[in-house]
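Numbering (the numbering used here), first residue to last: 247 to 675. Just below is one structure, and these are the notes that go with it.
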């Protein structure tokens, strides 16, 4: 036994030397080719450095945790829409839908839940408006249409003011113990907010498709003029029977007229952004996967935001003794606006200014018009506990009024003073 053991001990070094060398990733240490790092004391030529960077994927690109840009660009190129309409009508809805659903399905044990929801919506509206436009003005030098900006700010001011007036009125009704009159009015006002937002969304989608058709028609005009100039001698004026087919002419068989037309179906098809998609079934499946990837990415950002809200509510409330309004208006929207800013900066880096602008204004409008419906359609809504102190949230009304009267060229002295007053009032909350 000892002789056999000694023989195995002699063969052990030979086995170790003849063993195949394992890759460095086996023990978790990446090699230099897997990292974009070169020590400063390495003496190599510029050509060697360029070859190293060119052949190393980690040096050529950065792989972020959630990259939403490729999916967005794929959908934009296949769906014939303007960049602004795609940002306001598609990206903004996908970005905000998980947050809205979580707020509706969440039940709070305290009566102040409605105040929390309303203040959080007001804070997100104000932060997205100010920070989003600031990023576009700084990094894109304000390359946006003034009429579109004023239209969106006007819609936002109308939605926020309407919600403010309704809630302020219902507060007085509840203090008079008129609960039976308050509950139906709150739901009716919520439906009105949704209808106004749908009208805006339809307006954006319809005008987007109309502009796309106009641009495609303008591109086809030179080809048609060339074709007409080549066959000017063969021009013939059609008769009435050839130009308009009806039951009285023989052309009815060649050019039939559809009599049974569903107006509602045709309208929905005309405003649908997916009606213009051209391609085979595999292309449409890839588009669905791109759309699903955006939904999953925005859902993950919502989960991260919820964790941020829970931690900051505890820290700011228990440690620093901040008021609820200050936390909801200043701290809660911080991570949300940070995630939006990262995506906006990514779009601006790719020179997608219109899409970034549409995303910002779409988020602002959604939060402005969903503040009251989220409260009214909450799964635990009780009208007896509909107690919201809207006085401290009135800063959004003052800010939107100043933005609405703002002129692109210059500001008067009164507008400067009003803007400074709003900023000071917002900070002192």
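All C-beta atoms, glycine included, are put in the ideal place defined by N, C-alpha and C.
Buried/exposed call for residue i, threshold 16 Cβ in 10 Å
| i | result |
| --- | --- |
| residue 601 | buried |
| residue 615 | buried |
| residue 566 | exposed |
| residue 484 | Residue confidence for residue 484 is low, a pLDDT of 44 falling below 50, so the modelled location carries little weight and cannot support an answer. |
| residue 389 | exposed |
| residue 450 | buried |
| residue 583 | buried |
| residue 562 | buried |
| residue 398 | buried |
| residue 501 | Legend: pLDDT at residue 501 = 46, less than 50; position of this residue unreliable, value from coordinates given subsequently. With fewer than 16 other Cβ atoms within 10 Å, it is exposed. |
| residue 393 | exposed |
| residue 272 | Since pLDDT at residue 272 reaches only 37, below the 50 mark, its modelled position is unreliable, and no value is offered. |
| residue 436 | buried |
| residue 564 | exposed |
| residue 363 | buried |
| residue 279 | Per-residue confidence for residue 279 stands at a pLDDT of 45, beneath the threshold of 50, marking its modelled position as unreliable; the derived number appears in the next sentence. Exposed is the call here. |
| residue 299 | exposed |
| residue 476 | The pLDDT assigned to residue 476 is 47, lower than 50, so where the model puts this residue is not dependable; a value taken from the coordinates is nonetheless given after this. By the 10 Å Cβ count, residue 476 comes out exposed. |
| residue 445 | exposed |
| residue 528 | exposed |
| residue 610 | buried |
| residue 269 | Reliability of the predicted coordinates at residue 269 is poor, the pLDDT of 42 falling under 50, and the value obtained from them is presented with this limitation in mind. Exposed: under 16 other Cβ atoms inside 10 Å. |
| residue 557 | exposed |
| residue 411 | exposed |
| residue 636 | With a pLDDT of 48 at residue 636, under the threshold of 50, the modelled position of that residue is not reliable, and no figure is offered here. |
| residue 295 | exposed |
| residue 291 | exposed |
| residue 301 | exposed |
Assumed close pair residue i, residue j - CB separation to whole angstroms, cut-off 8 Å
| i | j | result |
| --- | --- | --- |
| residue 579 | residue 369 | 4 Å |
| residue 374 | residue 586 | 6 Å |
| residue 627 | residue 341 | The Cβ separation is near 25 Å, so there is no contact. |
| residue 367 | residue 617 | 4 Å |
Of the residues the options, the one placed nearest residue i, counting alpha carbons only
| i | options | result |
| --- | --- | --- |
| residue 623 | 544, 603, 377, 434 | 434 |
| residue 620 | 326, 319, 343 | 343 |
| residue 327 | 416, 563, 452, 537 | 452 |
| residue 313 | 599, 590, 610, 597 | 590 |
| residue 596 | 530, 315, 289, 363 | 315 |
| residue 409 | 443, 380, 546 | 443 |
| residue 532 | 292, 320, 296, 300 | 320 |
| residue 530 | 300, 363, 380, 324 | 324 |
| residue 322 | 536, 299, 447 | 536 |
Residue j beta carbon less than 8 Å from that of residue i
| i | j | result |
| --- | --- | --- |
| residue 338 | residue 612 | yes |
| residue 540 | residue 317 | yes |
| residue 608 | residue 329 | no |
| residue 625 | residue 351 | yes |
| residue 569 | residue 345 | no |
| residue 431 | residue 416 | yes |
| residue 405 | residue 365 | no |
| residue 382 | residue 599 | yes |
| residue 559 | residue 573 | yes |
| residue 331 | residue 552 | no |
| residue 606 | residue 379 | yes |
Any C-beta of chain B under 8 Å from that of residue i
| i | result |
| --- | --- |
| residue 341 | Looking for chain B here will not work: only one protein chain is present. |
Ranges of the beta strand (DSSP E) found wholly within the region 529-566, counting only runs of at least 3 = none
Ignoring anything shorter than 4 residues or poking outside the region 357-393, list the alpha helix (DSSP H) runs there in chain order.
-> 359-385
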